[in-house]
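**Q** Dropping the structure in here first, questions after.
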Amino acid sequence: MQIWGHCRFSFFGRSDTGREIDTPEAAFGKLWHPARMAVRFHLMETILLPAIRAQTDPDFRFQIVTSTQMPDLFQDRLDRVTADIPQLRILRSPHGDLNRALRATMAEASGDGSEPSVHFRVDDDDAVSVDYIARLRGAARRVDPGGMVTFPSGVIGFLHQGIARHVTFQKHSIAIGLALVVAPGGRNPFHIQHGVHATLVPSFTDPTFPAYHYTLHSANNTSGYDRLFHLDSSDNRRIQKIIAQNPGFAAGEVTTPKAEAALAAAFPHVAPEALRRAIGRAADPLGLAEEMGFPTAPFTPPVTTAR
Numbered sequence: 080m081q082i083w084g085h086c087r088f089s090f091f092g093r094s095d096t097g098r099e100i101d102t103p104e105a106a107f108g109k110l111w112h113p114a115r116m117a118v119r120f121h122l123m124e125t126i127l128l129p130a131i132r133a134q135t136d137p138d139f140r141f142q143i144v145t146s147t148q149m150p151d152l153f154q155d156r157l158d159r160v161t162a163d164i165p166q167l168r169i170l171r172s173p174h175g176d177l178n179r180a181l182r183a184t185m186a187e188a189s190g191d192g193s194e195p196s197v198h199f200r201v202d203d204d205d206a207v208s209v210d211y212i213a214r215l216r217g218a219a220r221r222v223d224p225g226g227m228v229t230f231p232s233g234v235i236g237f238l239h240q241g242i243a244r245h246v247t248f249q250k251h252s253i254a255i256g257l258a259l260v261v262a263p264g265g266r267n268p269f270h271i272q273h274g275v276h277a278t279l280v281p282s283f284t285d286p287t288f289p290a291y292h293y294t295l296h297s298a299n300n301t302s303g304y305d306r307l308f309h310l311d312s313s314d315n316r317r318i319q320k321i322i323a324q325n326p327g328f329a330a331g332e333v334t335t336p337k338a339e340a341a342l343a344a345a346f347p348h349v350a351p352e353a354l355r356r357a358i359g360r361a362a363d364p365l366g367l368a369e370e371m372g373f374p375t376a377p378f379t380p381p382v383t384t385a386r
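Offset between the sequence shown (1-based) and our numbering: plus 79.
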């Protein structure tokens with residue numbers, strides 16, 4: 080079975096909190112604001128893409144889906160930063176419906192309808208462990224088409240009061256690295272509500288290894304688009320709970336022994352301190368935009384051509 084990974088990158092469509100971005104004006108003012116895009120690129124380039132390059136099993140395909148309407152400035156950088164990953168390709172779609180955008184890909188992965196395939200999802204600011212593909216290949220053999228695979232253990236990296244920290248994290252059917260074993264004509268991994276889907280289909284769960292890096296930062300989509308940046312973490316319930324459960328953070332610690340061990344196992348290609356520096360830099364969106372040569376004022380449409 081072919082293994083395909085899927086990642087949305089500032090996709091202009093009705094998916095997750097992106098359903099709030101339903102006009103070109105809203106997209107240019109929020110989704111494609113240069114400072115927000117600088118954070119997205121920064122985390123993708125320092126957290127996600129290095130983990131994709133470092134996979135111990137290279138026999139997979141990884142597709143980033145974005146929109147033809149995204150400004151050329153960002154299209155060009157996306158091409159540059161992904162050019163050295165042979166498994167990766169970029170799908171630029173004019174469709175606002177992600178299912179329609181991925182229809183041809185799903186058919187291709189099934190041998191044009193002759194065999195099942197495996198599809199996982201990951202966001203551009205998260206990452207899967209370097210042995211993820213190898214683990215997924217073994218797990219998928221144990222799942223009939225229509226079932227799912229979940230690796231619930233990982234590490235969460237987050238900003239709190241301007242300081243980047245790490246702790247271990249566990250959540251069954253977490254979206255990061257969630258995989259479907261798909262029969263020809265079946266759903267793509269974005270076409271489900273992952274928590275609900277886990278109650279409806281057979282699944283294989285392996286919690287015995289750290290499988291992902293979950294990143295909370297200034298431009299998380301799940302925080303909503305009411306503000307461009309969410310630098311104040313005091314109202315984030317998940318972070319509040321983490322801080323309360325780890326009294327060492329009040330004494331100045333930035334990680335835990337379990338988190339450091341998990342990071343070393345899952346991401347041996349990068350030092351944990353480097354990951355925390357990357358998360359910390361997400362607190363300076365305007366500085367990142369300036370470094371990348373992005374204007375620090377919003378675009379106004381139209382500034383791009385169809386590809």
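Ideal Cβ positions, reconstructed from N, Cα and C, are used throughout, including at glycine.
As the structure is a prediction and not an experimental result, all values here were calculated from the model.
Measure the Cβ-Cβ separation of Val219 and Val197 and say whether it is below 7 Å.
**A** Residue identity differs from the one stated: residue 219 is Ala in this sequence, not Val. Yes. Within cutoff.
**Q** Answer yes or no: do Pro326 and His85 have a C-beta to C-beta separation smaller than 7 Å?
**A** no
**Q** Using only CA atoms, which one of Glu339, Gln142, Tyr291, His296 lies nearest to Leu122?
**A** His296
**Q** Once the 5 residues before and after Arg316 are set aside, which same chain residues still bring their CB inside 8 Å of it?
**A** none
**Q** Using the rule of at least 16 other Cβ atoms within 10 Å of the residue's Cβ for burial, across every protein chain shown, is Thr161 buried or exposed?
**A** In summary, Thr161 is buried, with 16 or more beta-carbon neighbours lying within 10 Å of its beta-carbon over all protein chains present.
**Q** Does DSSP classify Asp95 as helix, strand or coil?
**A** With a pLDDT of only 48 at Asp95, under 50, the local geometry of the prediction cannot be trusted, and the value read off the model is given with reservation. Note: Asp95 maps to helix in three-state DSSP.
**Q** Residues in its own chain within less than 7 Å of Asp363 by CB, not counting five upstream and five downstream?
**A** none
**Q** Under the DSSP definition of a beta bridge, which residues are partnered with Ser189?
**A** Looking at the DSSP assignment, Ser189 forms no beta bridge with any residue, so it has no partner.
**Q** Alpha carbon to alpha carbon, what distance is there between Val144 and Phe90?
**A** 7 Å
**Q** Consult DSSP for Val160 and reduce its assignment to one of helix, strand or coil.
**A** helix
**Q** Here's the rule: buried if 16 or more other CB atoms are within 10 angstroms of the residue's CB, otherwise exposed. What is Arg356?
**A** Arg356 is exposed by the Cβ-count criterion.
**Q** In terms of residue numbering, what span does the beta strand (DSSP E) encompassing Val260 cover?
**A** 258 to 261
**Q** Using the three-state DSSP reduction, which class does Thr145 fall into: helix, strand or coil?
**A** strand
**Q** Starting from Met371 and walking both ways along the alpha helix (DSSP H), at which residues does that stretch end?
**A** 364 to 371 is the extent of the alpha helix (DSSP H) around Met371.
**Q** Going by DSSP, what residue range makes up the alpha helix (DSSP H) through Gln324?
**A** 316 to 324
**Q** In whole angstroms, what is the alpha-carbon distance linking Asp203 and Thr334?
**A** 23 Å
**Q** For Val209, which three-state DSSP category applies?
**A** Val209 falls in the coil class under three-state DSSP.
**Q** May I ask which residues mark the beginning and end of the beta strand (DSSP E) holding Arg168?
**A** 167 to 172
**Q** On the three-pair Cβ rule with 8 Å, is the region 258 to 275 touching the region 180 to 199?
**A** yes
**Q** For the region 109 to 120 against the region 169 to 177, are there 3 or more C-beta pairs whose distance is under 8 Å?
**A** Not touching, per the Cβ criterion.
**Q** So, with DSSP's three-state summary, where would you put Gln240?
**A** Reduced to three states, the DSSP call for Gln240 is coil.
**Q** For Pro336, name the three-state secondary structure that DSSP assigns.
**A** helix
**Q** Between the Cα of Leu257 and those of Ser208, Ile242, Gln240, Phe237, spot the shortest distance and give me the residue it belongs to.
**A** Nearest of Ser208, Ile242, Gln240, Phe237 to Leu257, Cα basis: Ser208.
**Q** What is the rounded straight-line gap between the Cα of Leu365 and the Cα of Ala376?
**A** 10 Å
**Q** Would you mind stating whether Leu342 and Pro351 have Cβ atoms separated by less than 7 Å?
**A** yes
**Q** With a 10 Å radius around its C-beta and 16 neighbouring C-beta atoms as the bar for buried, classify His245 as buried or exposed.
**A** buried
**Q** Mind checking whether Ile131 and Ile164 have CB atoms under 7 Å apart?
**A** yes
**Q** Using a Cβ-Cβ cut-off of 7 Å (strictly less than) and excluding sequence neighbours within five positions of Asp210, which residues of its own chain qualify?
**A** Thr135
**Q** May I have the straight-line CA-CA distance separating His251 from Ala290, to the nearest angstrom?
**A** Rounded to the nearest angstrom, the two C-alpha atoms are 12 Å apart.
**Q** Leaving aside the five residues before and after Arg159 along the sequence, list all residues of the same chain whose C-beta is less than 8 Å from its C-beta, in chain order.
**A** none
**Q** Can you check whether the C-beta of Phe288 is within less than 7 Å of a C-beta belonging to chain B?
**A** The question asks about chain B, but that chain is absent: this structure has only one protein chain.
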